[in-house]
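Number 197 marks the last residue of the sequence shown (the numbering used here); no jumps. Glycine is no exception: its CB is placed at the ideal position from the N, C-alpha and C atoms. Written out below as structure tokens is the structure these notes cover.
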Amino acid sequence: MTPAPAELICSAKACRRQAESAVIWRNPTLHTADRRKVWLACADHRDHLRDFVQLRGFLLEVIAVEELTEADG
């Protein structure tokens, strides 16, 4: 079962704020095509986390945490 959005905490270092977004990414040299890694992000860290994986070519999408499914781990 996917946790309720209120239980999801931002993945940024030392941040304990509630996550609003999910940065979905994959490193193609390490992960299979069906693997979806998730970093949770509060409003303050969403752009930073997105830009970090996008710069490396790993970004798949950014979605609201309410849109996460079991497939997203």
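Task: Local conformation of glutamine 178 per DSSP, three classes - done: Position 54 of the sequence shown, counted from the first residue, corresponds to residue 178. DSSP places glutamine 178 in helix when its eight states are reduced to three.
TODO: Apply the 10 Å Cβ neighbour rule to arginine 180 and answer buried if 16 or more other Cβ atoms are within range, or exposed otherwise.
DONE: Numbered from its first residue, the sequence shown carries residue 180 at position 56. Arginine 180 should be labelled exposed.
Task: Straight-line gap, threonine 193 to lysine 137 (C-alpha atoms, nearest Å) - done: By 1-based counting over the sequence shown, the position of residue 193 is 69. By 1-based counting over the sequence shown, the position of residue 137 is 13. Looking at the two C-alpha atoms, the distance is approximately 24 angstroms.
Open item on the list: Pull the bridge partners of valine 95 from the DSSP assignment, please.
Closed with: This structure cannot speak to residue 95, because the chain is shown only from 125 to 197.
Task: Outcome for leucine 154 when other beta-carbon atoms lying within 10 angstroms are tallied against a minimum of 16 - done: Counting from one through the sequence shown, the residue named residue 154 turns up at place 30. Result: exposed.
Task: C-alpha distance - alanine 157 paired with glutamine 178, whole-angstrom precision - done: What you label residue 157 is simply residue 33 of the sequence shown in a count that begins at 1. What you label residue 178 is simply residue 54 of the sequence shown in a count that begins at 1. Straight-line Cα distance between these residues: approximately 17 angstroms.
TODO: Determine the burial state of arginine 174: buried for a count of at least 16 other Cβ atoms within 10 Å of its Cβ, exposed for fewer.
DONE: Within the sequence shown, residue 174 is the residue found at index 50, counting from 1. Buried.
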